[in-house]
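Report on one structure; see the data block that follows.
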Amino acid sequence: MTISPFATVTESLAALASGSTTAEALALAARARAEALQPQLNAFITLAEPDALAKAAATATGPLAGIPIAHKDLFCTTELPTTAASRMLAGYRSPFDATVVARLKAAGAVTVGKTNLDEFAMGSATSHSWFGPSRNPWATDRTPGGSSGGSAAAVAAGIVPAATGTDTGGSIRQPAAFCGITGIKPTYGLVSRWGMIAYASSFDQGGLLARTAEDCALLLPIIAGFDAHDSTSVSVPIPDYRAALDEIEAAGTRPLTGWRIGLVSDFLSAEGVQPAVRDAIATAARTYAELGATVFDVALPRADLAIPAYYILAPAEASSNLARYDGVRFGHRTEEADTLFTLYTKTRAEGFGWEVKRRILIGTYVLSHGYYDAYYRKAQQVRRLIADDYAAAFTQCDLLLTPITPTTAWRLGEKSDPVEEYLADIFTIGANLAGLPALAHPCGFDEEGLPIGAQLIAPHFGEAKLLAAAHAFQRATDWHRATPTLLP
Amino acid sequence: MDPRYEAVIGLEIHAQLTTCSKIFSGAATAFGAEPNRQVSWVDAALPGTLPVLNRAAVTSAIRFGLAVGGEIAPVSLFARKNYFYPDLPKGYQISQYEAPVVRGGTIAFTVSEGGAAREKRVRLTRAHLEEDAGKSLHAVQPGMSGIDLNRAGTPLLEIVSEPELSSSAEAVAYARALHNLVRWIGICDGNMQEGSFRIDANVSVRRRGEPGLGTRREIKNVNSFRFLQQAIDYEIAWQIDEIEAGRAIEQATVLFDPASGTTRAMRSKEEAHDYRYFPDPDLLPLVIDAAWIAEEARQLPELPHALAERLVAQYGVSPNDAALLTSDKTLADFYQAAVAAAGAALAKPCANWLLVEVVGRLNKEERPIGDAPITPSQLAALVARVADGTLSSSGGKRLLSAWWEGDRRSADELIEALALKQVNDQALLARLVAEAIAANPKSVAEFRAGKEKALNAIVGAVMKASQGKANPQQVTELIRAALSSS
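Protein chains in written order, with our numbering: chain A, 1 to 488; chain B, 1001 to 1486.
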């Protein structure tokens, strides 16, 4: 017997526990669905071999034993190739598992495949991929968002109940919003970056995409926590997220009584915000108020500096992080080099796509002699100011509520100017600049039936509050239960 | 050097730290392994890897900072120095740039130049931690270059002096003092052939008395003190010649070629890299608290300069001998162990025997003090037997030779077995003296004519007749007495 492909992790675990399905059946069903939907969605770069998958499922033990998951192909895996969606790493095999991968494997999760992304996580559409663009399960002529678009599409399409993602400027939250699912970007330092291929090290943070906040609360403690391999991972006790959810469930109809939620109203009135998005966020704010929270307007006065600061700092780090792809030790190497110089230039010209090259050029430029103070140092100062804005806001409220994106998912090829794509990150980038945890959950649909996401942002290590608030919201609403109708 | 000119020299020295593992990974650092056998995923810069700082490297930096009296930064930063080279796996070197771990400090040393010795102090600009690169191997396979990453990630302390040196002799004396110091405090093995101590010299010249600095050229990667001297001397002369010929010096990086004794430009200023330094986001600021510094200070050995001063004050050793004894930790340890065994009263003869006989023999054989075939307690026994009159100094040398050749018997056993005991028997010596006077009428006549040196020939004849065992002082006195009374 099988269960619904749209079952949550929690429901799948119950089904496994009751014996109504088996780990093997779940894994093979996930793989079959992935394969069937691949022509429509292109959500995966690599799928596990059925035999290996069945064996892994049959032998899995731990709290997630037998739960099929997918990993963004930015996480290193020993059993499947790790490509970062780049020609540079096509076919690359890592000798080690990322800490996130190893911890999920140890907990019994079964890896169905590696999901598509924007090359090296640079992009907001999963269209900058050497392996072709991914598509949105709600409208396959549209982007699933990015850069964790393959993971978002795989969860939204009911292939896997949960997937890993990474978020440097919104890369978990924005595709979660575009695909109508829930995604959490933890506090910078909560989840180890070991084995997560670096884009912009001071922003990159691993996280999760799932159908519900409840599932995120189940998976987060497994991947979170100090890792001696990552100097920036933080040694803090991981709270009992489930207990925070239990408190909500025990608290009756107004479980958020006493909670203060700041609505960043400037974001709603910002230029270019789709009316349906504005309305959906306003409705979500009312729902939170009905759940007992005090909802009021707050300001993040320097939020408009976030994009320029981010698009200096992230490319600067990227230009250095991607220097190791030189054709010397691993990855793509040109066949046409006759000098060291051409080995470098041709390898990198052939191996990287345009968006990666663009960011390497920007980053190299802003770090150059004579420009460092004007760009990099100034942007670091701005980063501090933006963090100060958030800190000031959190003296008034427990959580911030904002849209995830100005619009719902755009059509593939619609944003041909890269700056247009950059500007779509305006509401998500602040949390990355400040290192704050943030969560995306579905809160409505536009007139074309495309999902809309709301963002909750908490102070550092406030994941329990994010998850509890979103869980309260999802107990009161059905947006997260909607499934795309175009698919089988 | 042309007296109208003066040279301004500053040194940047890379001391490889003797940690067991690399500065940002757990791979071993031992020298001489097969290529690429000591390379972790981090060292090879595989995708997804991250650096984790080795605490032992920081400890070394703290010890150095304490030893030179520098300021140890409570917070310092690691930065990325970006450039492409095949032996640089990440495409950047992790170093320290704006905020080094040690600032300031001084090195005091003795310069011997033109037959005179003088003290000099040079200030340090900074010392910072960084990782080494790998090595490119050419000529392993024809037409191909190989990369050996064993050395990639090896911890280095880069020690930068102020440009306060004014000759090759000063530069070498400074470098030697630093070389001694880093080994003394146990942070670097100082092996220059293996590249554990590499010197870059920034050299410029200017008209004597001019306030500004001339344009400098940097001599890279000198790995011997002799080459350092030759390279600086050549560079100074070359720069003066250029200026005299009306050509301006252009900033450049040069290499010294020991075969030709010349320097040649490696790259000009135009070809200089733009390293695009920025703080490494993978590493947190390095925080060193007062307790850590105090702990290292507690474990720091007595430093060479302080020990030298103590040897002069406490034992009456000459300043020159004290400087020699403290020029090497192993030698200083050997000496102190010998004095501990012989007693402080014999500290001076211990110094003489160690420096003249033991070090002299080792130098002749081109061996370091660590290879000495005798122990400090053997040296102490020898010195004690000379001091109590049992051995003449030539007897002492014969005892030393026996040990040198591997005889394991004790001093007293060897004195007995080799009949080294000094003859103090007055009657026997008187007879030998009388025979020597009779056999050397010419020397006797010369001595009587006032030629003091002629006495030596007669003493020598007695020593020969006694097979070196006669007490030479007694013999001399007996000859004087015999010749003055008759």
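Every residue, glycine too, gets a C-beta built ideally from N, C-alpha and C.
Computed from a prediction, not measured in an experiment: that's the story for all the values here.
- In the three-state reduction of the DSSP assignment, B/ASP1371 falls in the helix class, which pools H, G and I.
- For the pair of segments examined, the segment 132-145 of chain A was found not to touch the segment 1080-1091 of chain B: the number of CB pairs separated by less than 8 Å stays below three.
- B/ASP1002 has no beta-bridge partner at all, per DSSP.
- With contacts defined as CB atoms closer than 8 Å, A/ILE452 and A/THR402 fail to qualify as a contacting pair.
- Taking a C-beta cut-off of 9 Å against chain B, the contacting residues of the segment 315-336 of chain A are ALA316, GLU317, SER319, SER320, ASN321, LEU322, ALA323, ARG324, TYR325, ASP326, VAL328, ARG329, PHE330 and GLY331, listed in chain order.
- For A/HIS369, the neighbours in chain B by C-beta distance under 7 Å run, in chain order, ASP1274.
- Per DSSP, A/ILE426 has no beta-bridge partner at all.
- Counting other Cβ atoms within 10 Å of its Cβ, A/ALA349 stays below 16 and is therefore classed as exposed.
- With the rule of 3 Cβ pairs closer than 8 Å, the segment 1235-1254 of chain B does not count as touching the segment 322-333 of chain A.
- Chain A places a beta carbon closer than 8 Å to that of B/PRO1047, counting this residue as a contact.
- Assigned with DSSP and collapsed to three states, B/SER1095 falls in strand.
- Contact between the segment 1026-1036 of chain B and the segment 1109-1122 of chain B is absent, with fewer than three C-beta pairs closer than 8 Å.
- For A/ALA303, there is no enclosing beta strand (DSSP E), since its DSSP letter is neither H nor E.
- Taken residue by residue, none of the segment 1127-1140 of chain B has a beta-carbon sitting less than 8 Å from a beta-carbon on chain A.
- With 16 or more other CB atoms across the displayed protein chains lying within 10 angstroms of its CB, B/LYS1022 is buried.
- Under the Cβ distance rule, B/TRP1041 counts among the residues neighbouring chain A, one pair being separated by less than 8 Å.
- Taking CB atoms only, B/ILE1147 has a neighbour in chain A less than 8 Å away.
- No Cβ of chain A is located within less than 8 Å of the beta carbon of B/LEU1346.
- In this structure the segment 220-232 of chain A does not lie against the segment 252-260 of chain A, because fewer than three pairs of beta carbons, one per stretch, are closer than 8 Å.
- Within the segment 148-227 of chain A, the runs of alpha helix (DSSP H) that reach at least 4 residues and sit entirely inside it are, in chain order, 149-156, 173-179 and 213-223.
- For B/ILE1147, the enclosing beta strand (DSSP E) begins and ends at 1145-1148.
- Residue state for A/ARG33 is assigned as helix, using DSSP reduced to three classes.
- Between B/PRO1155 and B/GLU1131 the beta-carbon gap is near 7 Å, inside 8 Å, which marks them as a contact.
- The residue among A/GLY351, A/ALA323, A/LEU322 and A/ARG324 with its C-alpha nearest the C-alpha of A/GLU336 is A/GLY351.
- Listed along the chain, the chain B residues whose CB falls inside 9 Å of the CB of A/ARG87 amount to none; the nearest CB is some 14 Å away.
- Check the Cα spacing between A/ARG260 and each of A/LYS114, A/ARG286 and A/ASP389: the tightest is with A/ARG286.
- Of A/SER127, A/ASP398 and A/ILE312, the smallest CA-CA separation from A/ALA293 is found for A/ASP398.
- Taking the CA atoms as reference points, A/GLY170 sits about 45 Å from B/THR1253.
- Between B/ALA1133 and B/LEU1088 a beta carbon distance of about 5 Å is seen, short of the 8 Å cut, so the two are scored as contacting.
- B/LYS1269 is outside the set of residues whose beta carbon lies under 8 Å from a beta carbon in chain A.
- At least one C-beta of chain A is nearer than 8 Å to the C-beta of B/LYS1090.
- Boundaries of the beta strand (DSSP E) harbouring B/ASN1221: 1217-1222, taken from the DSSP string.
- Taking a contact to require three or more Cβ pairs closer than 8 Å, the segment 409-419 of chain A and the segment 383-396 of chain A do not qualify as touching.
- From the listed residues B/CYS1188, B/TYR1275 and B/GLU1366, the smallest Cα separation to B/ALA1057 is found for B/CYS1188.
- As the crow flies, the alpha-carbon of A/GLY206 is around 31 Å from that of B/TYR1085.
- Secondary structure note for B/SER1204: its beta strand (DSSP E) is the uninterrupted segment 1197-1207.
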